[in-house]
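Just so you know, numbering that gives the first Met the number 0 puts 55 at position 56 of the sequence shown, and the rest follows in order with no gaps.
Where a beta carbon is used, it is the ideal one built from N, C-alpha and C, also for glycine.
Remember, it's a predicted structure, so these values are computed and weren't measured experimentally.
Have a look at the structure below, then the notes.
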Amino acid sequence: MEKRGGEEEEEEGEEEEEEEEEEEEEEEEEEEEEEEEEEEEEEEEEEEEEEEEEEGEGGLDSAGDEASRVPSASTCNGSGYEG
């Protein structure tokens with residue numbers, strides 16, 4: 000009888016260990032997925048920033064610095080001023 004009790008306790012201990020290991024694995028997988036999602040979000044943000052920078056080069060920069068642009072010949076009236 001004592002052997003059976005000891006075996007049952009041993010089996011229960013093994014089952015608990017297996018369950019704990021499975022839970023730990025699941026937690027690790029979830030953490031990895033979260034990290035991957037964060038990395039993807041960061042990459043998307045970087046791409047968006049790069050696109051905005053490229054767009055900004057052709058027109059106004061992020062500060063809206065329109066005054067610093069040199070007026071084109073079509074907007075000049077010959078006196079060097081716009082108008």
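Just the C-alpha distance for residue i and residue j, rounded to the nearest angstrom, thanks.
i: Met-0; j: Glu-21; result: With a pLDDT of only 47 at Met-0, under the threshold of 50, the placement of this residue in the model should not be trusted; the figure read from the coordinates follows. C-alpha separation (whole angstroms): 32 Å.
i: Glu-23; j: Glu-15; result: 12 Å
i: Glu-49; j: Gly-55; result: 10 Å
i: Glu-44; j: Glu-52; result: 12 Å
i: Glu-17; j: Glu-32; result: 22 Å
i: Glu-39; j: Glu-30; result: 14 Å
i: Glu-8; j: Glu-47; result: 58 Å
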